[in-house]
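Chemist: Quick note on numbering: the sequence shown equals residues 216 to 1190 in the numbering used here. Backbone N, C-alpha and C fix where the C-beta goes; we use that ideal spot for every residue, glycine too.
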Amino acid sequence: MQTSSDRHEYPAHWEADVVLRDGGTARVRPITVDDAERLVSFYEQVSDESKYYRFFAPYPRLSAKDVHRFTHHDFVDRVGLAATIGGEFIATVRYDRIGSGGTPATSPADEAEVAFLVQDAHQGRGVASALLEHIAAVARERGIRRFAAEVLPANNKMIKVFMDAGYTQKRSFEDGVVRLEFDLEPTDRSLAVQYAREHRAEARSVQRLLQPGSVAVVGTGRTPGGVGRSILGNIRDAGYTGRLYAVNRAFPEDRKDLDGVPACRSVRDIDGPVDLAVVTVPAEHVPDVVTQCGEHGVQGLVVISAGYADSGPEGRERQRALVRHARTYGMRIIGPNAFGIINTSPDVRLNASLAPEMPRPGRIGLFAQSGAIGIALLSRLHRRGGGVTGHTGVSTFVSSGNRADVSGNDVLQYWYDDPETDVALMYLESIGNPRKFTRLARRTAAAKPLVVVQGARHGGVAPQGHAVRATRLPHATVSALLRQAGVIRVDTITDLVDAGLLLARQPLPAGPRVAILGNSESLGLLTYDACLSEGLRPQPPLDLTTAASADDFHAALARALAEDTCDAVVVTAIPTVGEGAAGDAALAQALRSAAAAVPTKPVLVVHVELGGLAEALSAATSTAPQAAPRTAAPADPSAVPQAAPGTAAHAAPGPAEEPASGRPGPSGPPRPPAASAPPPSAAPAPDGAHLIPAYPAAERAVRALGEAVAYAQWRRDAADPGKVPEYEDIDERGAAQQIAGYLARGQGLALGTEETCELLGRYGVHVHRALPAPAPDDAAAAARTLGYPVALKATAPHLRHRADLGGVRLDLADEEQLRRAYAELTELFGTPAELRPVVQGMAPRGVDTVVRAVIDPAAGAVLSFGLAGAATQLLGDMAHRLIPVTDRDATSLIRSIRTAPLLFGWRGSAPVDAAALEELLLRVSRLVDDHPEVVAVTLEPVVVAPHGLSVLGASVRLAPPPARDDLGPRTLPAY
């Protein structure tokens, strides 16, 4: 650590873990006087060429003076950072503050000279780029606004690091040296570069976990049974294509294999590299395993072992130590308390999980923070994904357990690039970084559907083991923000699977118009009603009658798909008595051939089956695999329920669909039941064929279709997100000076009425003037100043905006009416000191609305809109958008509330001035976006008239701006 003579204490907040370009991790930290030996050792491992590029001359070793200079920093004018792995330096960067002549200087000089040195063995891993991000953030914190660097022309790698950073820069050539100067203020391009590097690094780190060339299972029992032995068998039985090792320190020294797998007593004893270690030993033995893995060069860990943050405060500290220990060696962790990972790619075939059977290969990616929910998802997809047209299976599956390191954000980065994944399904119990998740979700959803169900959404606390920052936003607001980012947000895992199957099998609908046809009039009417409930536009159902043949279905579906007035078709079918499997097979073929002729429109099937009822009912008491019922169609799943075998078992949730409780192993979650085998008739789908999803209930089919329609509309809207308009009358600089002056008085404060009006006025938001009226004479004087008619309002918190309680008196035409209203208010509600009455000029009649903006520490800045009064307070009818809001966002925001018709001429009323309302929303958004110190704004009521609007009440709260982790350098969550 630094000595007492240093000007600043050791800046521990500069320490960070980063993911490098190849997916490994490194730790970035300040260099201190204790690092002299590490620095010398690091320098000895750098090539002569790299030394020459750094010092512009042969420089074989560092002198004692050099070592002192490079390890003694004041952390203000001289700063050095090191990237470390295993506690040893792999790269360094430093800056020295300089004056206008290039000589050493102190603050307020705002320029610094920067220089890097990266060990040759680690060049090309993106270490210098990561260090540049961190040293730039440090420099900005210390008041430095510009970096200068001198580089030899032959040092192309370092020149590229600077040129690719995205900062505004100037380049010159003098005396044989390239001089680069660049501003450190983040730009749109520098942020884009940073996000792109983050994406590549995090995606690669997950790829290394899901596509390992070799796996070691640590903790495999010597006798059958137990978690480790089971996972070893699951990996082997899935046909894993890489090298597999069994590790147990209790193995006899002469033991060479276990179940045909090479056996070792320690990871150190393995002859050859190990990419992934699956850790199943008890928690107290995990640290030794991590050390073995780190020293052997293992790239990542899947920790099945429990006993961490899931077990209380002591376990939480054990979990922190685990993450810190693994990151020391550059390893990433899935878990602890994880269910495992699966990759069905034929090039990998990895089942490093507690699932006893490999899921069917397919195009759906699954992420679950809960092992039990992961079991349920795998089981339901297995039962509903097979048939003669092929399977809708899983590409990759990740169960993150306590999510100590690898999170849903990391997996999203991987899925975005993964050509094997078309649809992403996620079960989340907490969102560690909502701002980042929203950004990644928006980008992912623009390329492939992302369906999310969030558990623990009403509990108010994160599940044990999940270290996440708190959010003050209610769940409904978070859901609205996720939908704004293109996330398909559903409520149950049943809905998750239903939507996933549709999106994986069918094209997106072009609109909400739905044709309904089938051989049951009642089922058609149920489907029609369900469509209306989901906001779709169904056509009257076409009843083909129970006598309809497969050819009738084919002809009706072909006609419906050919109509320009139809965007999707729901086919309802009940079985034909006496035909059984043969009839179902013919119907399946008929529907498939008709749908194939128009591949741009989605087709769904609602299929009610009577066959196999007894077997399905009896299966409700057992989790064992059941034989396929005789009457279940062994043919095309596009026309039969995909819940094979035995659709009746899936018509309503029952014990057969729930995950078995299981008995936990010594160090892991419960073991799932074996999944049922696919129907004997399963066969691959024809090339290019769309699989037709089938549902056991009309409501489930239509709910999935409604989500697909909304998502397709979002995709179309996202292609043109709009723009944030510029307003010439905005005084951004004046507002900044005003805010700085207010904050100089304290850390956080609510502005007074005059201060609020002045600040809002700088952004073109003008508040209707209100004058205090502490006595009747004051009220009369205020009314004479404002001019009649006026309103008399009580502004006490319990009466504010409560016209229904009598706290507001409107249209007072003269002094007599004003004094009478004043007397009535004080007689009913108390003294003027208690009521805090004000007099305000009357505004044009219109619709009362409310506009709010708040900065949430987790989600960021959020703009909200709704109608004032009961609609907002009682029904929670508010719409939300992330700031900055675009013109398209503002347009959709005022139309998103359920009571929006009141703004647009409901029941003959005059439509309000929507353009004025949208402009107000955009101005408030600009204020909060330009000045993060404005942490809360409320405009209530905002009376929107047919022409113009009036802001009758406003409040603003200021505070020092919260940290923006999305603008700083790339880091992993701190432990």
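If you check the beta carbons only, do P724 and A923 fall under 9 Å apart?
Modeler: yes
Chemist: What span of residues does the alpha helix (DSSP H) with S694 cover, start to end?
Modeler: 690 to 699
Chemist: Would DSSP call R1191 helix, strand or coil?
Modeler: Here the chain comprises residues numbered 216 to 1190, so residue 1191 is not present and cannot be evaluated.
Chemist: Excluding the 5 residues preceding and the 5 following R1138 in the sequence, name in chain order all residues of the same chain whose CB lies nearer than 8 Å to its CB.
Modeler: Counting only Cβ-Cβ distances below 8 Å, and skipping sequence neighbours, we find Y942, I945, Y978, G979, V980.
Chemist: Can you tell which of D263, Y455, H1095 has its C-alpha closest to the C-alpha of P689?
Modeler: H1095
Chemist: When you compare each of I305, P319, F304 to D311 by their alpha carbons, which one comes out closest?
Modeler: P319
Chemist: Between K651, G238, L665, which lies nearest to L716 when the distance is taken from Cα to Cα?
Modeler: L665
Chemist: On the CB-based measure, 16 or more other CB atoms within 10 Å of its CB, does N371 come out buried or exposed?
Modeler: exposed
Chemist: Using only CA atoms, which one of P1059, P817, Y258, V476 lies nearest to G921?
Modeler: P817
Chemist: Kindly indicate the opening and closing residues of the beta strand (DSSP E) around M573.
Modeler: Looking at the DSSP string, M573 is not in any beta strand (DSSP E), and its letter there is neither H nor E.
Chemist: If you draw a straight line from the C-alpha of I731 to the C-alpha of P722, how long is it?
Modeler: 18 Å
Chemist: Classify P936: buried if its beta carbon has 16 or more other beta carbons within 10 angstroms, exposed otherwise.
Modeler: exposed
Chemist: Take D379 and list the residues in its own chain whose beta-carbon comes closer than 8 Å to its own, dropping the five residues that flank it on each side.
Modeler: For D379, same chain residues with a beta-carbon under 8 Å away, outside a window of 5 residues either side, are S344, V408 in chain order.
Chemist: Please look up how many angstroms separate the CB atoms of V667 and V702, rounded, as I've assumed it's under 8 Å.
Modeler: 5 Å
Chemist: Using alpha carbons as the reference points, say which of F304, P439, N624, N566 lies closest to T1186.
Modeler: N624
Chemist: Compute the distance between the beta-carbons of V462 and C479, then report whether it is under 9 Å.
Modeler: yes
Chemist: Could you tell me which whole alpha helix (DSSP H) segments of length 4 or greater appear in the region 968 to 1030?
Modeler: Counting only runs of 4 or more, we get 968 to 976, 991 to 1001.
Chemist: Would you call the region 529 to 549 and the region 573 to 584 touching, i.e. three or more CB-CB distances under 8 Å?
Modeler: Result no; under three Cβ-Cβ pairs closer than 8 Å.
Chemist: Assuming V1023 and V1157 form a contact by the criterion Cβ under 8 Å, report the distance between their Cβ atoms to the nearest whole angstrom.
Modeler: Rounded, the Cβ-Cβ distance is 15 Å, inconsistent with contact.
Chemist: To the nearest angstrom, report how far apart V786 and P1012 are at their CA atoms.
Modeler: 56 Å
Chemist: Using 8 Å as the cut-off, can you tell me whether the region 415 to 434 makes contact with the region 481 to 500, which would need three or more C-beta pairs spanning the two stretches below that distance?
Modeler: Touching, yes, given that three or more Cβ pairs across the two stretches are closer than 8 Å.
Chemist: How would you call S748, buried or exposed, if buried means at least 16 neighbouring beta carbons within 10 angstroms?
Modeler: So S748 ends up on the exposed side.
Chemist: Please confirm whether A1169 and V1152 have their CB atoms less than 9 Å apart.
Modeler: yes
Chemist: In terms of alpha-carbon separation, which member of L1118, A619, G302 lies closest to A1189?
Modeler: A619
Chemist: For a minimum of 3 consecutive residues, which ranges assigned as the beta strand (DSSP E) are wholly contained in the region 605 to 662?
Modeler: For the region 605 to 662, whole beta strand (DSSP E) runs of length 3 or above, ordered along the chain, are 609 to 614, 638 to 643.
Chemist: Could you give the distance in angstroms between the alpha-carbon of R1110 and the alpha-carbon of P1099?
Modeler: 18 Å
Chemist: According to the Cβ coordinates, are T342 and L367 closer than 9 Å?
Modeler: For the record, residue 342 in the displayed sequence is Val; it is not Thr. Against a cut-off of 9 Å, the Cβ pair of L367 and V342 comes out as no contact.
Chemist: Specify, as a first and last residue, the run of the beta strand (DSSP E) that G733 falls within.
Modeler: 728 to 733
Chemist: What's the gap between the Cα of A521 and the Cα of P502?
Modeler: 13 Å
Chemist: DSSP on H337, reduced to helix/strand/coil?
Modeler: Three-state DSSP puts H337 in a helix.
Chemist: DSSP puts K385 in a beta bridge; with which residues?
Modeler: E396
Chemist: In chain order, what residues of the same chain lie with their CB nearer than 7 Å to the CB of A241, ignoring the 5 residues before and after it?
Modeler: V233, L235, A298, T299, I300, I305, V342, G545
Chemist: Nearest by alpha-carbon distance to A1192: which of Y1037, E224, L1142, L964 is it?
Modeler: The requested residue 1192 does not occur in the structure, where the chain is confined to residues 216 to 1190.
Chemist: Give me the residue from A364, G381, T709 with the minimum Cα distance to S387.
Modeler: A364
Chemist: Could you tell me which residues DSSP pairs with S1079 in its beta bridges?
Modeler: Answer is R1067, H1095.
Chemist: Rounding to the nearest angstrom, what Cα-Cα distance links R960 and C972 in this structure?
Modeler: 19 Å
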